[in-house]
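Position one of the sequence shown corresponds to residue 8 (our numbering), numbered consecutively onward.
For every residue, glycine included, the Cβ atom is placed at its ideal position computed from N, Cα and C.
The structure displayed is predicted, hence computed values, not measured ones.
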Amino acid sequence: MKKLFFFGLIVVPALATALLWVLITDGISCLKDSSDVTVTVKKITLSEVSFATSTVEVSVQVENDNVVGATLERIEYDIYLGSKDKWIWLGRGERGALDIGASDVEDFLVTTIIDNSQLVDVITGRILGGEPTEMKVDGRAWFKVGTVSVEVEFDAKDIDPYKPLLEDENIITEPVESGTEGEISE
8 MKKLFFFGLI VVPALATALL WVLITDGISC LKDSSDVTVT VKKITLSEVS
58 FATSTVEVSV QVENDNVVGA TLERIEYDIY LGSKDKWIWL GRGERGALDI
108 GASDVEDFLV TTIIDNSQLV DVITGRILGG EPTEMKVDGR AWFKVGTVSV
158 EVEFDAKDID PYKPLLEDEN IITEPVESGT EGEISE
């Protein structure tokens, strides 16, 4: 009877705790090993230019290869115009709060309104020689995958930013109001 009491009171809970610990830590390590959330900039487009502002559209694809859903908490990036090693900062774009299902891909468009005072350097450079031929995006995205937070860095260059963005039925387009210094707000 004492052996059964000892077995039921100490051994069974110890084994259950050990099994639970293995399941939890293995699940977390599996998640950490496979926390593949990738951010790809598909296209950068200078879509509209007026006297006061310019509109830059950045087509983004987020791929969640995890077995659990992920939440894009925030994505932010700086936008540059230039060529080779000469880059002029135009502004900053950001977006937040997007759920990505398990083993899913989400495409979306971030529209950033830029104050044209930043383009004075570009125009001056063009007059003095050397037209800027590329746009560059350099940024980070923060995701919550289960209980793990993941930061993903990304960058992209587009050699033809003057070509309009082709309509893609998979891209979610949401109008965004103008911010200051190229920042946007939702």
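Can you say whether residue i is buried or exposed, counting buried as having 16 or more other CB atoms within 10 angstroms of its CB?
{"i": "residue 58", "result": "exposed"}
{"i": "residue 36", "result": "Per-residue confidence for residue 36 stands at a pLDDT of 42, beneath the threshold of 50, marking its modelled position as unreliable; the derived number appears in the next sentence. Exposed is the call here."}
{"i": "residue 64", "result": "buried"}
{"i": "residue 106", "result": "exposed"}
{"i": "residue 126", "result": "buried"}
{"i": "residue 39", "result": "Note on residue 39: pLDDT 43, under 50, position unreliable in the model; no value is reported."}
{"i": "residue 191", "result": "Per-residue confidence for residue 191 stands at a pLDDT of 37, beneath the threshold of 50, marking its modelled position as unreliable; the derived number appears in the next sentence. Buried is the call here."}
Considering only the beta carbon of each residue, do residue i and residue j sit closer than 7 Å?
{"i": "residue 116", "j": "residue 66", "result": "yes"}
{"i": "residue 144", "j": "residue 51", "result": "yes"}
Could you check which residue in the options has the C-alpha nearest to that of residue i?
{"i": "residue 68", "options": "76, 144 and 48", "result": "48"}
{"i": "residue 79", "options": "108, 118, 126 and 164", "result": "108"}
{"i": "residue 150", "options": "70, 100 and 144", "result": "70"}
{"i": "residue 99", "options": "122, 165 and 46", "result": "122"}
{"i": "residue 101", "options": "86, 93, 95 and 110", "result": "86"}
{"i": "residue 165", "options": "141, 96 and 55", "result": "141"}
{"i": "residue 153", "options": "55, 74 and 84", "result": "74"}
{"i": "residue 103", "options": "56, 162 and 147", "result": "147"}
{"i": "residue 118", "options": "89, 95, 83 and 72", "result": "83"}
{"i": "residue 195", "options": "120, 161 and 124", "result": "No statement about residue 195 is possible, as the shown extent of the chain runs from 8 to 193 and does not include it."}
{"i": "residue 163", "options": "124, 110, 90 and 72", "result": "90"}
{"i": "residue 77", "options": "124, 92 and 46", "result": "46"}
{"i": "residue 95", "options": "56, 110, 157 and 124", "result": "124"}
Could you check how far apart the C-beta atoms of residue i and residue j are, in whole angstroms? I think they sit under 8 Å.
{"i": "residue 44", "j": "residue 155", "result": "No, residue 44 and residue 155 are not in contact; Cβ-Cβ is about 10 Å, not under 8 Å."}
Span of the beta strand (DSSP E) holding residue i?
{"i": "residue 71", "result": "60-71"}
{"i": "residue 54", "result": "44-56"}
{"i": "residue 117", "result": "111-122"}
{"i": "residue 88", "result": "77-90"}
{"i": "residue 105", "result": "93-107"}
{"i": "residue 152", "result": "141-152"}
{"i": "residue 74", "result": "Neither: residue 74 is in no beta strand (DSSP E) and is coded neither H nor E."}
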